[in-house]
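Numbering (my numbering), first residue to last: 368 to 540. Virtual Cβ for every residue (Gly too), placed ideally from N, Cα, C. A quick note: this is a predicted structure, and the numbers were derived from the prediction, not measured.
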Ligand SMILES: [Ca+2]
Ligand SMILES: [Ca+2]
């Protein structure tokens, strides 16, 4: 027998509590999904913005930023210093914390191994985020080098790896 003032939950009360917990859980999950999508959108905008900034600099100065010897490779001085001096773009970090960089890079993932190119790159990106970006703004193709789906090694947007965090490369062509 229960004493007065010491009663447990009735079934109706329990049901109400479960509904409320369910609603809260749903809101939290939707919230984290929205945050994830916002971060993906932010990276896409950053990559496109820097890509456009590089061509704006090229139009204005007749060479690529960071390519003072005009050999077509961004490898002479940090292009962000020149982009900032021209008020074209500023250096930022991605929503996942890594700084964006613009350089001529070797070792960019390629269907034949690696390749070299001018690129915008940033590290510390969750691999699922990288995959979604490739699906949304690039070719969305899983590579076949030499194991299946070891990353996305074709198109302008590339990375290699299948777990954890990866470096993403956006090739400037
Ligand atoms: Ca150069
Ligand atoms: Ca790709």
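| request: Measuring alpha carbon to alpha carbon, tell me which of 410, 426, 539 ends up nearest residue 485. | output: For the purposes of this step, residue 485 is identified with residue 118 of the chain shown, where counting begins at 1. Residue 485 has its Cα closest to that of 539, out of 410, 426, 539.
| query | Secondary structure at residue 368, three-state DSSP: helix, strand or coil? | reply | Indexing the chain shown from 1 puts residue 368 at position 1. Unreliable positioning characterises residue 368 in this predicted model, as indicated by a pLDDT of 48, which lies under 50. A coordinate reading is not provided.
| Straight-line Cα distance separating residue 412 from residue 526 | Position 159 of the chain shown, counted from the start, is the residue given in the question as residue 526. Position 45 of the chain shown, counted from the start, is the residue given in the question as residue 412. Taking the straight line from one Cα to the other gives about 18 Å.
| said: Is residue 415 close to ligand 2? I mean its beta-carbon at under 6 Å from any heavy atom of the ligand. | reply: Numbered from 1 along the chain shown, position 48 holds the residue referred to as residue 415. Not one heavy atom of ligand 2 falls within 6 Å of the beta-carbon of residue 415.
| field | Residue from 463, 448, 429 whose Cα sits closest to the Cα of residue 457 | value | As a first step, residue 457 must be located in the chain shown, where it is residue number 90. Ranked by Cα distance from residue 457, the first of 463, 448, 429 is 448.
| request: Return the CA-CA distance between residue 368 and residue 404, expressed in angstroms with no decimal places. | output: Position 1 of the chain shown, counted from the start, is the residue given in the question as residue 368. Position 37 of the chain shown, counted from the start, is the residue given in the question as residue 404. Low confidence applies here, because residue 368 scores a pLDDT of 48, under 50, leaving its location unreliable; read the following figure in that light. Approximately 53 Å, taken between the alpha carbons.
| Residues of its chain near residue 504, where Cβ-Cβ distance is below 7 Å and the 5 sequence neighbours each way are ignored | Along the chain shown, read from residue 1 onward, the residue named residue 504 stands at position 137. The residues are 411, 524.
| What does a CB cutoff of less than 6 Å around residue 490 pick up in its chain, not counting 5 residues either side in sequence? | If you number the chain shown from 1, residue 490 lands on position 123. Excluding sequence neighbours, residue 490 sits near 465, 534.
| said: Helix, strand or coil for residue 477? Go by DSSP, reduced to three states. | reply: Translated into positions along the chain shown, residue 477 becomes position 110. Residue state, collapsed to three classes: strand.
| What's the C-alpha gap between residue 473 and residue 453? | By one-based count along the chain shown, residue 473 stands at place 106. By one-based count along the chain shown, residue 453 stands at place 86. Residue 473 and residue 453 have their C-alpha atoms some 27 Å from each other.
| Residues proximal to ligand 1 by C-beta, any heavy atom closer than 6 Å | After applying the 6 Å Cβ criterion, the set is 434, 436, 438, 440, 442, 443.
| request: Within its chain, find whatever has a CB closer than 8 Å to the CB of residue 529; leave out the 5 residues flanking it on each side and keep chain order. | output: Stepping through the chain shown from its first residue, residue 529 is reached at position 162. Counting only Cβ-Cβ distances below 8 Å, and skipping sequence neighbours, we find 494, 516, 517, 518.
| message | Considering only the alpha carbon of each residue, which of 375, 377, 397, 409 lies closest to residue 497? | response | Residue 497 sits at position 130 when you count from the first residue of the chain shown. Nearest in C-alpha terms to residue 497, of all of 375, 377, 397, 409, is 409.
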